[in-house]
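Residue numbers (the numbering used here): 765 to 991. Heads up, the beta-carbon is just placed ideally off N, CA and C, and yes, glycines get one too. Since we're looking at a predicted model, the values are computed, not measured. For reference, the structure discussed in these notes is given below.
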């Protein structure tokens, strides 16, 4: 009996430790999970809705018209934005990962709540999200390249090794300053300003966001069924 109780206690401890490890792992990677989930919503709902709206043709003579052929490029670009954003969130620390999460949340949210001009706004949101992810990922090899620059190889250009080291240090500092300004302020600030402008332009015509989201789902399902 005592042996059975010991085994049950050990099993309970192992199970509890597994839950704690899983919880802390998810907590450490929460930004990645959130961006991945929002990207799935974006591709599966928003980009599909854009394609359904582009393919839709009004009925003629009381009979449904065949859907227009559309390019799958929006799905490809939306998926690429989600994939690159997930990678960027996984390799960057605070505050970049939080900014990425907020940008994706605002991007998906503004499309869902817009009662009009919804689909016209999708390419702009996608451009912001994809461009921000490309900026973050492009900086990593650039930073590695500047860090690996050899001052002895540049000594003949600047006249001495000391001058080359100082010039390379200034170059690294300038590169980091420009990147920080773009990644922390310029791109997120521009996106949030654009989002605020879109939402503020709605005024009191903003309907229940849950209703507009339901409308998107109904549109995608109905057009998918008609096609």
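query: Exposure of residue 813, with buried meaning 16 or more beta-carbon neighbours within 10 Å; result: buried
query: Rounded C-alpha distance that separates residue 883 from residue 916; result: 55 Å
query: Distance between residue 955 and residue 845 (C-alpha atoms, nearest Å); result: 15 Å
query: Contacting residues, own chain, Cβ-Cβ under 7 Å from residue 798 (five flanking each side not counted); result: 865
query: Sheet register partners of residue 904 (DSSP bridge); result: Its beta-bridge partners do not exist; DSSP assigns none.
query: Contact set for residue 861: own chain, Cβ-Cβ below 7 Å, skip 5 residues either direction; result: 795, 853
query: Proximity of residue 1017 and residue 959 at Cβ, strictly below 8 Å; result: Outside the displayed span of the chain (765 to 991) sits residue 1017, for which this structure offers no information.
query: Per-residue DSSP class, three states only, for residue 882; result: helix
query: Beta-carbon proximity check, residue 805 vs residue 872, cutoff 8 Å; result: yes
query: Proximity to residue 919 [Cα-Cα], best of 910, 930, 912; result: 930
query: C-alpha distance - residue 810 paired with residue 885, whole-angstrom precision; result: 11 Å
query: Three-way DSSP call (helix, strand, coil) for residue 787 in this model; result: Because residue 787 sits at a pLDDT of 43, beneath the cut-off of 50, its placement in the model cannot be relied upon, and the point is left open.
query: Three-way DSSP call (helix, strand, coil) for residue 832 in this model; result: coil
query: Status (buried if at least 16 other CB within 10 Å, exposed otherwise) for residue 789; result: Reliability of the predicted coordinates at residue 789 is poor, the pLDDT of 46 falling under 50, and no value is obtained from them.
query: Spatial distance of residue 969 from residue 962 (CA atoms); result: Any reading at residue 969 needs caution, since the residue's pLDDT is 47, under 50, leaving its predicted position unreliable; the model's value is listed next. Residue 969 and residue 962: Cα-Cα distance of roughly 12 Å.
query: Beta-carbon proximity check, residue 893 vs residue 868, cutoff 8 Å; result: yes
query: Limits of the unbroken alpha helix (DSSP H) element including residue 959; result: 951 to 964
query: Member of 838, 839, 899, 821 whose CA lies at the smallest distance from the CA of residue 831; result: 821
query: Host alpha helix (DSSP H) of residue 920 (start-end); result: 919 to 922
query: Contacting residues, own chain, Cβ-Cβ under 6 Å from residue 802 (five flanking each side not counted); result: 868, 872
query: Burial state of residue 855, where buried means 16 or more other Cβ atoms lie within 10 Å; result: exposed
query: Nearest to residue 887 (by Cα), restricted to the options 875, 898, 897; result: 875
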